[in-house]
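Notes follow once the structure below has been shown.
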Amino acid sequence: MKKIMLLCTLALMLATAFTTDKSKPTAENMKQLLENLNGTYKDQKAVDWGQGTFGRRVFTFNKGKWTLSFVLSLDPDMKNQIFIFRTEGDYRVLDPSAKVPNAYNALFIEKKKFVTLKTADTKLAQAFGLSACGFIQNQEKDISQTGCSLWKSVTECNEDHDLLSLDKEGKLYFGLRPPDNNMCSADKRPTQLYSPVEKQ
Numbered sequence: 008m009k010k011i012m013l014l015c016t017l018a019l020m021l022a023t024a025f026t027t028d029k030s031k032p033t034a035e036n037m038k039q040l041l042e043n044l045n046g047t048y049k050d051q052k053a054v055d056w057g058q059g060t061f062g063r064r065v066f067t068f069n070k071g072k073w074t075l076s077f078v079l080s081l082d083p084d085m086k087n088q089i090f091i092f093r094t095e096g097d098y099r100v101l102d103p104s105a106k107v108p109n110a111y112n113a114l115f116i117e118k119k120k121f122v123t124l125k126t127a128d129t130k131l132a133q134a135f136g137l138s139a140c141g142f143i144q145n146q147e148k149d150i151s152q153t154g155c156s157l158w159k160s161v162t163e164c165n166e167d168h169d170l171l172s173l174d175k176e177g178k179l180y181f182g183l184r185p186p187d188n189n190m191c192s193a194d195k196r197p198t199q200l201y202s203p204v205e206k207q
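Okay, so the sequence shown: first residue is 8 according to the numbering used here, each after it adds one.
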């Protein structure tokens, strides 16, 4: 009888070991998972950014470094693109958010900022504050030192104070950005999460 009970206990332990996914976030390991993000995460479809615009984000992570490519368009099929914004740098996961459950405060350092003007509509470019930045359509320009429109230079603002969270499915969440795009200081950190990006 004891032998049968021992075998049952061993079987239960093995089943638990094989069915428990240690890569899934828990309160104990979420920070570690966020600190060790690796690979590409992106919007699976265009996200409604309001005022008749749609955006798609592609993030990459590798050993504490990150990049973002963000495309803004006038349509959900992303055929009438306005611009592409790209940035890169390092990131750190800080303490648990006191305002957003299951999220961590995070600091993203932007070492470089780039913009590609996609639209040929000069009035549209002007409406987005892009007409005075010396862009040539479809040519990426480094705006790290000059800034442009709502993007500040890296001298004026190279920090993005954000939120990070992972759900049980491994979807990655950032904070909801403010209309003025200003997250340059800790007091500007979002207080709610935005739609998730998924690992590819």
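Every residue gets a Cβ at the ideal spot worked out from N, C-alpha and C, and that includes glycine.
All of these numbers come straight from a predicted model, not from anything done at the bench.
### Task
Could you pull the start and end residues of the alpha helix (DSSP H) that residue 129 belongs to?
Within the sequence shown, the letter at position 122 stands for residue 129. 129-134 is the extent of the alpha helix (DSSP H) around residue 129.
### Query
Counting only runs that start and end within the stretch 37-77, where is the beta strand (DSSP E) found for 3 or more residues in a row?
List check, beta strand (DSSP E) in window: 46-49, 54-57 and 60-69.
### Query
Nearest to residue 95 by CA position, among 178, 113, 72 and 137, is which residue?
The residue labelled residue 95 in the question sits at position 88 within the sequence shown. Nearest Cα to residue 95 within the set 178, 113, 72 and 137: 72.
### Query
Opposite residue 155 in the DSSP bridges: which residues?
Mapped onto the sequence shown, residue 155 falls at position 148. Looking at the DSSP output, residue 155 bridges to 158.
### Message
As a quick exercise: from 88, 97 and 52, pick the residue whose alpha carbon is nearest that of residue 69.
### Response
For the purposes of this step, residue 69 is identified with residue 62 of the sequence shown, where counting begins at 1. The candidate whose alpha carbon is nearest that of residue 69 is 97.
### Task
Confirm, please, whether the CB-CB distance from residue 41 to residue 173 is below 8 Å.
Walking along the sequence shown from the start, residue 173 turns up at place 166. Walking along the sequence shown from the start, residue 41 turns up at place 34. Contact: yes.
### Message
For the structure I just gave you, are there three or more beta carbon pairs, one from the stretch 50-65 and one from the stretch 122-132, closer than 8 Å?
### Response
With a cut-off of 8 Å, the stretch 122-132 and the stretch 50-65 do not count as touching, because too few Cβ pairs lie within range.
### Message
Rounded to the nearest angstrom, what separates residue 192 and residue 147 at their Cα positions?
### Response
In the sequence shown, counting from the first residue as 1, residue 192 sits at position 185. In the sequence shown, counting from the first residue as 1, residue 147 sits at position 140. Residue 192 and residue 147: Cα-Cα distance of roughly 27 Å.
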